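41 is the number of the first residue of the sequence shown in my numbering; add one for each residue after it. Note that beta-carbon positions come from the ideal geometry of N, C-alpha and C, so glycine has one too. The model shown is predicted, which means the values in this text are computed figures rather than measured ones. Heads up, the thing below is written out as structure tokens.
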Amino acid sequence: MPNDALAFFDDEGTQVILDAEEAASLWGLTGSLEAATVSACPTCRARVLACVALADVLEVAPPHPRARELLELADDAPTLHLYVSDMVSECRHRTWRDPGHAEWSDALGELLDDERRRR
Ligand SMILES: [Zn+2]
């Protein structure tokens with residue numbers, strides 16, 4: 041979808057996708073999810089989130105129309121982390137150098153493999 045902006049996904053390939061407006065309002069309401077971020081690309085919105093912290097952030101933030109879905113994703117995640125991919129950025133994440141980037145890349149790779157298998 042051309043208006044898709046941010047994909048939240050877990051290690052099993054379950055996804056919640058926000059459009060540009062939803063992504064911008066979520067970023068505004070939650071302080072860019074800073075409090076839930078374990079590791080992030082310095083130059084785009086790609087990041088690794090801690091599920092428990094994400095649930096806390098969403099619960100104290102003003103209501104967001106997709107918060108419930110994101111909470112369910114965090115609750116049902118098979119690992120302690122969720123991942124965010126910035127679908128509108130051309131960023132190659134070259135300056136994202138901590139171990140979070142490798143974990144994020146692995147999760148994204150599996151997500152893309154799953155999508156290929158489904159087609
Ligand atoms: Zn990046």
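task: Check whether the Cβ of Thr83 sits closer than 7 Å to any heavy atom of ligand 1, and report yes or no.
output: At least one heavy atom of ligand 1 falls within 7 Å of the beta-carbon of Thr83.
message: Using a 10 Å radius around the Cβ and a threshold of 16 neighbouring Cβ atoms, would you call Val88 buried or exposed?
response: buried
task: Name the residue from Phe48, Glu74, Gly53 whose alpha carbon lies nearest to the alpha carbon of Glu62.
output: The shortest C-alpha to C-alpha distance from Glu62 to any of Phe48, Glu74, Gly53 is the one to Phe48.
task: List the whole-angstrom C-beta distance separating Gly140 from Val78, where the pair is believed to meet the contact cut-off of C-beta under 8 Å.
output: 6 Å
field: the region 131-146 in contact with the region 55-70 per 3-pair CB rule at 8 Å
entry: no
- prompt: Where Pro96 and Glu155 are concerned, what is the direct C-alpha to C-alpha distance, given to the nearest angstrom?
  reply: The sequence shown places Asp at residue 96, not Pro. In a straight line, the C-alpha of Asp96 is about 30 Å away from that of Glu155.
query: Using DSSP with H/G/I as helix, E/B as strand and the rest coil, what is Ala101?
result: Correct three-state label for Ala101: coil.
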